[in-house]
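To start, the structure under review is shown below, and the notes come after it.
Residue numbers (the working numbering): 76 to 372.
Structure follows, in structure tokens:
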């Protein structure tokens, strides 16, 4: 195994990434409250016991029981069981609005629980594949990820809790837009992302709340927000977060400024106000890689 800097953990790409559950607010207690509330409503409206039992068994209980199956087998089993159960239920009596509503509650609650179980299994598999430092157990997709950094190469995903500045800067300098495509530094809800090719163009984005994103911009280029002619004529392609993206040159920067942004963020937890930033808005959202959705970005 290639030696790693102290404190760095890496995971083989084959271990996959751990995304957020089917519902961004996966709370077993909340699911239980919703199901119990639906059950009380169904019984109060005299929904037949057959319907209640079928909805609970096929909609709520069956999906989580299939968590260990291959995803395709899981879909076939759940869909087939749902079709058969609905056929049986509707053949006995006409389903009323409350019965349909209870079915919907059970099915969606079952899917939410299933998603949580699948994500838990993936997380355990990923942790078991870790090399280097022991996994920190921190979740970048949570409301508070703590202080940590993540980056990638062709074969591995890397993470470091309470990251060392030089280790993060080395990862930024190694970005090549092919195998190494991003570096992310998290501080609670805040994060700083760098992507692209360190030899040419880099994207540097920062947020305090994962809603509004600031991008280090190139003041020598025309601003596409203010200059309509620049909206189509000054674009270039960069690989950011393992995704090829077309970005206005105004929103690209150099390695020197990327290092400066990283240095200030890692050492102070603040955005470097000496750099030129462009902040996103509802009309002008910041381009974000799909990969980052798994970590709330």
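All residues carry an ideal CB built from backbone N, CA and C; glycine is no exception.
- Counting along the chain, the unbroken alpha helix (DSSP H) around residue 242 starts and ends at 240-248.
- The three-state secondary structure of residue 79, taken from DSSP, is coil.
- Within its own chain, the residues whose Cβ lies closer than 7 Å to the Cβ of residue 213, once the five positions on either side in sequence are excluded, are 220, 221, 223, 236, listed in chain order.
- In its chain, beyond the 5 residues on either side, 238, 240, 243, 260 have a beta carbon closer than 7 Å to the beta carbon of residue 341.
- Put simply, the backbone Cα of residue 120 is about 37 Å away from that of residue 195.
- For residue 195, there is no enclosing beta strand (DSSP E); the enclosing alpha helix (DSSP H) covers residues 172-203.
- Remark: fewer than three beta-carbon pairs, one from each stretch, lie closer than 8 Å, so the segment 347-359 and the segment 269-276 are not flagged as touching.
- Taking 9 Å as the cut-off, the beta carbon of residue 124 is found no closer than this to the beta carbon of residue 171.
- In this structure, the CA atom of residue 350 is about 15 Å from the CA atom of residue 344.
- The residue among 177, 88, 161, 152 with its C-alpha nearest the C-alpha of residue 114 is 177.
- If you draw a straight line from the Cα of residue 265 to the Cα of residue 301, it comes to about 28 Å.
- At the C-beta level, residue 229 and residue 88 come within 9 Å of one another.
- Burial state of residue 332 is buried, judged by a 10 Å Cβ sphere holding 16 or more other Cβ atoms.
- Of the candidates 127, 211, 192, 202, the residue whose Cα lies closest to the Cα of residue 179 is 127.
- The closest CA to that of residue 204, considering only 295, 281, 85, 263, is found on 85.
- With fewer than 16 other CB atoms across the displayed protein chains lying within 10 angstroms of its CB, residue 312 is exposed.
- By alpha-carbon distance to residue 262, the top candidate from 321, 141, 346, 116 is 346.
- Residue burial annotation: residue 253 is exposed, with fewer than 16 other C-beta atoms found within 10 angstroms of its C-beta.
- Look at residue 301 here: in three-state DSSP terms it is coil, with no helix or strand label.
- Rounded to whole angstroms, the Cβ separation of residue 315 and residue 256 is 6 Å, and the two are in contact under 8 Å.
- For residue 266, the secondary structure class from DSSP, reduced to helix, strand or coil, is strand.
- For residue 142 against residue 186, the beta-carbon gap comes to about 11 Å, at or over 8 Å, which does not count as contact.
- A residue is called buried once 16 or more other Cβ atoms fall within 10 Å of its Cβ, and residue 289 is buried on that count.
- Note that the C-beta distance between residue 216 and residue 369 is below 9 Å.
- Comparing alpha-carbon positions, the option among 363, 334, 152, 175 lying closest to residue 161 turns out to be 175.
- Between residue 193 and residue 130, the CB-CB gap reaches or exceeds 9 Å.
- Residue 134 is a Cβ neighbour of residue 184, given a cutoff of 9 Å.
- When the five nearest sequence neighbours on each side are left out, the beta carbons in the same chain lying within less than 7 Å of the beta carbon of residue 79 are those of 85, 207, in order along the chain.
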